[in-house]
Structure formats: C-alpha cells, structure tokens
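> In order, the protein sequence lines correspond to chains A and B. According to this note's numbering, the residues represented by the first sequence are 211 to 368, in order. According to this note's numbering, the residues represented by the second sequence are 211 to 368, in order. Glycine included, C-beta positions come from ideal geometry on N, C-alpha and C. Small disclaimer: the values here were computed from a predicted structure and weren't measured. Take a look at the following structure, please.
Protein chains: 2
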Amino acid sequence: MATADPGRPGFALPLLLLAGFRTLIDGLHAELAAQGHPELRPLHGFVLQAVGVEGTTATELGQRLGVSKQAAGKTVDRLVALGYLERADDPRDARRRLVRMTARGRDGLTRSAVVFDTLRDRWATTLGPERVAAIEDDLRTVAAADLFRLDVPGWFGT
Amino acid sequence: MATADPGRPGFALPLLLLAGFRTLIDGLHAELAAQGHPELRPLHGFVLQAVGVEGTTATELGQRLGVSKQAAGKTVDRLVALGYLERADDPRDARRRLVRMTARGRDGLTRSAVVFDTLRDRWATTLGPERVAAIEDDLRTVAAADLFRLDVPGWFGT
DNA sequence: CCACGTTCGACAACCACGTTTACTATCTGG
DNA sequence: CCAGATAGTAAACGTGGTTGTCGAACGTGG
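Written out as structure tokens, the structure reads:
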C-alpha cells in the first residue's frame with residue numbers, strides 16, 4: 211500500500227472504507243462481465259437502481275442521484291445506447307419523457323443484487339456474520355448521527 | 211436513502227462503505243477549504259500523498275497511483291498551476307523531471323492528516339473507540355484475505 | 001566509441017461524467 | 001387566456017482518465 215501514511219491513524223480509515231467499497235464494486239463488475247454484462251460501469255448500477263421498476267424521468271432521476279438533470283439525461287442516453295433503458299412519451303404530459311428499464315436492464319439489476327448478496331456472504335465467511343452486521347450498524351449509526359447523509363451517490367468528481 | 215433497495219441485504223454494504231468514505235472526504239475538504247485550501251479536490255490528497263516529501267517523477271507517480279503516466283502528468287500540471295507542486299530538472303538524468311511538493315503542498319498535506327485524525331476522533335466519540343478500531347481491523351482482515359488489495363487509488367471512473 | 005534498444009516526458013485525440021447557461025415546448029392557475 | 005413554472009435539450013467547458021506517437025536522452029554490447 212504505497213500511498214497510505216502509516217504514521218497517521220486518521221489516514222487509514224478513509225482508505226480502508228474506499229478499499230472495501232472498491233473491492234465489492236470490482237467483484238460485482240467482474241462477475242457481471244462474466245454473466246453477459248461487460249459494458250456495465252459502477253455508476254450504471256446506481257442509475258438502474260434509481261430508475262426502479264416503475265420508471266422515472268430524467269429530472270427526477272437527477273434529484274435522486276444528486277446530480278443535475280442534464281447529467282442524468284446524458285447518462286440515460288448512454289444506458290439507452292447500451293440497451294439497458296428505453297424512453298417513452300408520457301401520455302399525460304407531453305413535456306415529460308419516461309425512462310424505463312428494458313428486459314436487459316432488469317436482468318442486470320437482478321444479477322447485481324444476487325452478486326452483492328454473494329459478496330456479502332463471502333465477507334461473512336471471513337469475518338463472521340456478526341462482524342459484518344456490526345460494520346453496517348456502525349456505519350448506519352454514524353449516518354444517523356448526521357455525520358453524513360445516506361442519500362449517497364453524486365460525487366465521483368468535481 | 212432513495213437509491214438503496216431495502217429488500218436485498220447485499221446492496222446496503224457497498225452503499226454504507228461509500229457513504230462512510232464520502233463523509234470523511236467531504237468533511238476533510240470542507241475543513242481544508244476553511245483553512246485556506248479551497249481548491250484541493252479529493253483526488254489531490256492522494257496525489258500529494260503519493261508524491262511524498264522526497265519527490266518523484268510523473269511516470270513513477272502514475273505507477274504508484276495505478277494510472278498512466280500521461281494521466282499523472284496532467285494531474286501534476288494542475289497541482290503545479292495551483293501552487294502545490296513544482297517541477298525541477300534531474301541533474302543525473304536529463305529525461306526526468308522531478309516533481310516536488312512546495313511549501314503550500316506540504317501545508318495542505320499536513321493539514322489533511324490533522325483533519326483526518328480529528329474526523330476519526332469524532333467517529334470514536336459516536337461509536338466508541340473500540341468500534342472504530344474494529345471496523346479498521348475487519349476491513350484489514352478482508353484485505354489480507356485477498357478479498358481485495360489495499361494499494362487502492364486509481365479508479366474514479368472508466 | 002558508437003549504434004541500438006529502452007525509458008521519460010510531451011502532445012494529440014478521444015471518452016466518461018460532471019457543471020452552468022440558455023433555449024424551446026408544454027402545462028397550470030389566477 | 002396568458003404569466004409563470006417545469007421538462008427536456010443543447011452547447012461550452014472542466015476534470016480525470018485512456019491510447020498512440022514521437023523526440024530526446026540514457027545505457028549497454030559489440
């Protein structure tokens with residue numbers, strides 16, 4: 211670990227949290243690639259999740275993800291091009307363009323859920339189930355203490 | 211938390227890890243901005259860390275961070291423009307361009323370490339010191355079990 | 001001692017993801 | 001019925017990444 215400063219305890223915690231997150235995401239996408247979804251990027255999982263089974267609109271998606279509606283729209287464009295999402299007109303409001311998952315999108319999301327469960331099981335095997343649960347509880351506690359908000363995504367830069 | 215699927219336990223863990231990482235980084239940069247370093251981005255901390263007090267070169271920096279030498283070079287350009295790094299010729303090898311921290315760079319890195327320590331203390335106040343230590347231990351255990359490697363940075367996209 | 005292969009840095013083209021600003025089309029309430 | 005709010009799109013830009021190419025400088029073998 212070339213970049214961590216062993217002398218300052220505070221440096222380790224963010225590094226470890228990032229590393230933990232990363233390994234789950236990397237594991238997910240390695241497995242997804244093997245299961246027929248090589249084009250799915252880390253970000254896309256969040257987006258599919260946020261679109262949900264009922265569908266949504268670009269503006270609402272942006273709010274859910276914490277990014278501008280323009281950014282959300284561009285990401286939807288890419289996912290449409292990849293075949294994970296599709297757009298449709300809203301019969302009740304000609305301004306809105308509904309965004310829905312395709313069958314491929316649903317397949318990717320379902321597989322993501324299964325793989326995440328599997329990866330969590332693997333952690334539970336290594337650490338013991340109660341330790342994994344304790345990590346989750348602790349992080350939720352910190353979240354509840356308003357040390358951070360849990361609505362999450364929407365950084366990845368700038 | 212609009213984006214998490216409460217029905218699938220596996221989804222929560224990566225989200226919580228990311229949220230934990232994010233809050234530390236956000237807290238760091240909020241504080242750094244207040245202490246005279248508003249231009250420092252999350253990535254920059256890793257880069258300064260990787261440059262180290264002895265300095266390095268763009269190619270070596272790229273290796274440490276897990277990115278191409280070109281990407282490392284561009285990031286160095288930005289940090290030079292911001293006054294955190296400086297370049298110098300290597301008297302022993304005219305091909306190489308040494309990258310070193312300026313006084314400002316050292317100041318930013320030092321303050322980062324202090325702020326990270328403070329944030330960790332705040333977690334310890336909320337959770338109890340032994341719980342924070344337990345999280346770190348567990349994540350290190352998972353790392354050691356080769357469920358992930360700890361050399362970390364070098365994703366943030368693509 | 002010199003030619004050849006390797007390495008370093010730079011440059012260019014490109015992509016993903018985000019921003020702000022600006023514009024059009026549509027809906028809605030007084 | 002029109003003023004104002006809202007949905008989507010477009011353009012310009014910033015940041016962080018990628019490949020590919022290239023010239024200059026290094027080091028080594030013949």
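Shorter than 8 Å from the beta carbon of valine 261 of chain B to some beta carbon of chain A?
So, not an interface residue.
> Closer than 7 Å between beta carbons: that is the criterion. Which residues of the segment 327-338 of chain A meet it against chain B?
So the list reads Asp327, Leu329, Arg330, Arg332, Trp333, Thr336, Leu337, given in the order they occur along the chain.
> What whole-angstrom Cβ distance do alanine 268 of chain A and valine 286 of chain A have, given they're in contact under 8 Å?
About 6 Å; that satisfies the 8 Å criterion.
> Is it true that the segment 316-326 of chain B meets the segment 224-244 of chain B, where meeting means three or more beta-carbon pairs spaced less than 8 Å apart?
Cβ pair count under 8 Å is three or more, so yes.
> Which same chain residues end up closer than 7 Å to glycine 283 of chain B when comparing Cβ atoms and leaving out the 5 residues on each side of it in sequence?
So the qualifying residues of the chain are Ala268.
> So which of B:Phe221, B:Val261, B:Arg321 has the shortest CA-CA distance to leucine 308 of chain B?
Answer by Cα proximity: B:Val261.
> I'd like to confirm the pairing. Which residues does DSSP put opposite valine 309 of chain A in its beta bridges?
Note: valine 309 of chain A sits in a beta bridge opposite A:Thr266, A:Arg297.
> Going along chain A in order, which residues have a C-beta closer than 7 Å to the C-beta of glutamate 346 of chain B?
Chain A residues near glutamate 346 of chain B: Ala222, Leu223, Leu226.
> DSSP three-state label for serine 278 of chain A, please.
Note: serine 278 of chain A maps to coil in three-state DSSP.
> Buried or exposed, going by whether 16 or more other CB atoms sit within 10 Å of the CB of arginine 305 of chain A?
Under this definition arginine 305 of chain A is an exposed residue.
> Please work out which residues of its chain come closer than 6 Å, Cβ to Cβ, to glycine 255 of chain B, disregarding the five sequence neighbours upstream and downstream, and give them in chain order.
Contacts found: Ser322.
> Using 8 Å as the threshold, is the C-beta distance between leucine 295 of chain B and methionine 311 of chain B below it?
Yes. Within cutoff.
> At the 8 Å Cβ level, is threonine 351 of chain A part of the contact set with chain B, yes or no?
Yes, threonine 351 of chain A lies at the interface with chain B (some Cβ there is under 8 Å from its Cβ).
> For glutamate 346 of chain A, name the three-state secondary structure that DSSP assigns.
Helix.
> Between the segment 243-252 of chain B and the segment 220-230 of chain B, are three or more C-beta pairs nearer than 8 Å?
Output reads no: the segment 220-230 of chain B does not touch the segment 243-252 of chain B.
> Straight-line CA distance for alanine 281 of chain A to leucine 275 of chain A?
For alanine 281 of chain A and leucine 275 of chain A, the distance between alpha carbons rounds to 10 Å.
> Would aspartate 300 of chain A be called buried (16 or more neighbouring beta carbons within 10 Å of its own) or exposed?
Aspartate 300 of chain A should be labelled exposed.
> Taking the straight line between their C-alpha atoms, what separation do you get for leucine 225 of chain B and leucine 329 of chain A?
If I take the Cα positions, the gap works out to 13 Å.
> DSSP three-state call for proline 248 of chain B: helix, strand or coil?
DSSP places proline 248 of chain B in coil when its eight states are reduced to three.
> May I ask you to report which of helix, strand or coil DSSP gives leucine 253 of chain A?
Leucine 253 of chain A falls in the helix class under three-state DSSP.
> Relative to the C-alpha of proline 248 of chain A, which candidate in A:Ala355, A:Thr336, A:Arg314, A:Val342 has its C-alpha closest?
Checked all of A:Ala355, A:Thr336, A:Arg314, A:Val342; the closest Cα to proline 248 of chain A is A:Arg314.
> Tell me, to the nearest whole angstrom, how far the beta carbon of leucine 337 of chain A is from that of threonine 351 of chain B; I am working on the premise that it is less than 8 Å.
Their Cβ separation, rounded to whole angstroms, is 6 Å, which keeps leucine 337 of chain A and threonine 351 of chain B in contact under 8 Å.
> Quick check: alanine 344 of chain B and alanine 344 of chain A, are their CB atoms within less than 8 Å of each other?
It is a contact, given that the beta carbons lie within the stated cut-off.
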